[in-house]
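Notes follow the structure.
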Amino acid sequence: EAGVAQSPRYKIIEKRQSVAFWCNPISGHATLYWYQQILGQGPKLLIQFQNNGVVDDSQLPKDRFSAERLKGVDSTLKIQPAKLEDSAVYLCASSSDSNEQYFGPGTRLTVT
Amino acid sequence: KQEVTQIPAALSVPEGENLVLNCSFTDSAIYNLQWFRQDPGKGLTSLLLIQSSQREQTSGRLNASLDKSSGRSTLYIAASQPGDSATYLCAASFAGGTSYGKLTFGQGTILTVHP
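Chains as they are written, first to last, in our numbering: chain E, 8 to 119; chain V, 6 to 120.
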């Protein structure tokens, strides 16, 4: 069974530029999560989807971050414009009814 | 506020030792608790998932326990090996939150097993 796929693996941008991350969850997993992990900290949930609907986006900085999961499968997370404090690893995870979450390799973003 | 705390922040042990990593959470109303391993520059690998109705789970040399009444979970690693060196994260899914399934993570314990 293929795991959670993410791309790109690394991205370096200048502040005020925009960036997008892509995630393909495990086949059949209805729930998809985006987490932000700042160096030295545990991951923090940004947004949770159930199929193509948003369940929780309470910690998503909506003035600059957006995410979508149009067909209930793949998802994209966008940042526009980026700030220095957005430098982090962005992790995508998915789960089925068992609620055990499986994580992708992450995208390491550096904002200069 | 629902929080997860891990102690110690870092641990260094010689190969072959048995060790315990600690995780505490502020709200006993949890759906489940999950332990992860994270290698440098990599994503998270799920080690064990304990449902709220369970007291412990075992996988190979790993054993995780859950005590909701005291708000604690422990990860026991038997006969540690250098390959066990990584950051270990625990995460709780709290009931009554804004979403079912959302994980709240601890800061992690950095484990180093030296030969």
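Beta carbons: idealized from backbone N, C-alpha and C, even for Gly.
Beta-carbon proximity list for residue i, same chain, < 6 Å, skipping 5 on both sides
| i | result |
| --- | --- |
| Thr117 (chain E) | Ile19, Ser94 |
| Asp63 (chain E) | Gln55 |
| Asn31 (chain E) | Ala12, Asp81 |
| Gly79 (chain E) | Asn58, Asn59 |
| Thr119 (chain E) | Glu21 |
C-beta neighbour in chain E for residue i, strict 8 Å
| i | result |
| --- | --- |
| Ser5 (chain V) | Since the displayed chain V opens at 6 and closes at 120, residue 5 (chain V) lies outside it and no answer follows. |
| Gly76 (chain V) | no |
| Leu26 (chain V) | no |
| Ser98 (chain V) | yes |
| Ser51 (chain V) | yes |
| Leu54 (chain V) | yes |
Neighbourhood of residue i by C-beta distance below 7 Å, restricted to the same chain and skipping five residues each side
| i | result |
| --- | --- |
| Val118 (chain V) | Val18, Glu20, Ser85, Gln86, Pro87, Asp89, Ser90 |
| Tyr42 (chain E) | Pro50, Lys51, Leu52, Leu53, Leu98, Ala100 |
| Pro15 (chain E) | Thr114 |
Alpha-carbon spacing of residue i relative to residue j, whole angstroms
| i | j | result |
| --- | --- | --- |
| Cys28 (chain V) | Ser103 (chain E) | 25 Å |
| Gln87 (chain E) | Ser58 (chain V) | 43 Å |
| Arg42 (chain V) | Ser25 (chain E) | 31 Å |
| Asn37 (chain V) | Ala100 (chain V) | 9 Å |
| Phe28 (chain E) | Tyr17 (chain E) | 10 Å |
| Phe110 (chain V) | Lys47 (chain V) | 17 Å |
| Ser70 (chain V) | Thr63 (chain V) | 9 Å |
| Thr83 (chain E) | Trp40 (chain V) | 27 Å |
| Gly60 (chain E) | Pro120 (chain V) | 49 Å |
| Arg23 (chain E) | Lys90 (chain E) | 6 Å |
| Leu49 (chain V) | Gln66 (chain E) | 21 Å |
| Glu92 (chain E) | Val9 (chain V) | 23 Å |
| Arg76 (chain E) | Glu22 (chain V) | 46 Å |
Check: residue i C-beta below 7 Å from any heavy atom of the ligand PLP
| i | result |
| --- | --- |
| Asp44 (chain V) | As for the ligand PLP, it is missing from this structure, which has no ligand bound. |
Close Cβ partners of residue i (< 8 Å) along its chain, the five nearest in sequence each way excluded
| i | result |
| --- | --- |
| Leu16 (chain V) | Leu24, Leu26, Thr114, Ile115, Leu116, Thr117 |
| Asp72 (chain V) | Arg60, Ser78 |
| Lys107 (chain V) | Ser98, Phe99 |
| Ser74 (chain V) | Ser33 |
| Gly76 (chain V) | Ser29, Phe30, Thr31, Asp32, Ser33 |
Residues sharing a beta bridge with residue i, DSSP
| i | result |
| --- | --- |
| Val18 (chain V) | V:Val118 |
| Lys85 (chain E) | E:Ala27, E:Ser73 |
| Ala100 (chain E) | E:Tyr40, E:Phe110 |
| Ala91 (chain V) | V:Leu116 |
| Thr109 (chain V) | V:Ala97 |
Amino acids of chain V, ordered along the chain, whose beta-carbon sits closer than 9 Å to that of residue i
| i | result |
| --- | --- |
| Ser102 (chain E) | Gly106 |
Chain E contact residues for residue i, given Cβ-Cβ distances below 7 Å
| i | result |
| --- | --- |
| Asn37 (chain V) | Asn106 |
| Ser58 (chain V) | The contacting residues do not exist; Ser58 (chain V) stays about 13 Å from chain E at best. |
| Gly48 (chain V) | Leu98, Phe110, Gly111, Pro112, Gly113 |
| Leu80 (chain V) | Per Cβ cutoff of 7 Å: no residues; Leu80 (chain V) is ~15 Å from chain E at best. |
Chain V residues whose Cβ lies nearer than 7 Å to that of residue i
| i | result |
| --- | --- |
| Thr38 (chain E) | Gly106 |
| Gln48 (chain E) | Gln112 |
8 Å Cβ cutoff, residue i in contact with chain V
| i | result |
| --- | --- |
| Tyr109 (chain E) | yes |
| Pro112 (chain E) | yes |
| Leu77 (chain E) | no |
| Leu116 (chain E) | no |
| Leu91 (chain E) | no |
Per-residue contacts from residue i into chain V (C-beta, under 8 Å)
| i | result |
| --- | --- |
| Pro68 (chain E) | Those within 8 Å of Pro68 (chain E) in chain V number zero; the least Cβ separation is about 16 Å. |
| Leu84 (chain E) | Those within 8 Å of Leu84 (chain E) in chain V number zero; the least Cβ separation is about 15 Å. |
Within chain E, partners of residue i - CB distance below 8 Å
| i | result |
| --- | --- |
| Ser29 (chain V) | Result: empty, since nearest Cβ-Cβ is about 14 Å, beyond 8 Å. |
Neighbour list for residue i in chain E, Cβ cutoff strictly below 9 Å
| i | result |
| --- | --- |
| Leu94 (chain V) | Gly49, Pro50 |
| Ser67 (chain V) | In the sequence on display, residue 67 (chain V) carries Leu and not Ser. Simply none; closest approach about 15 Å. |
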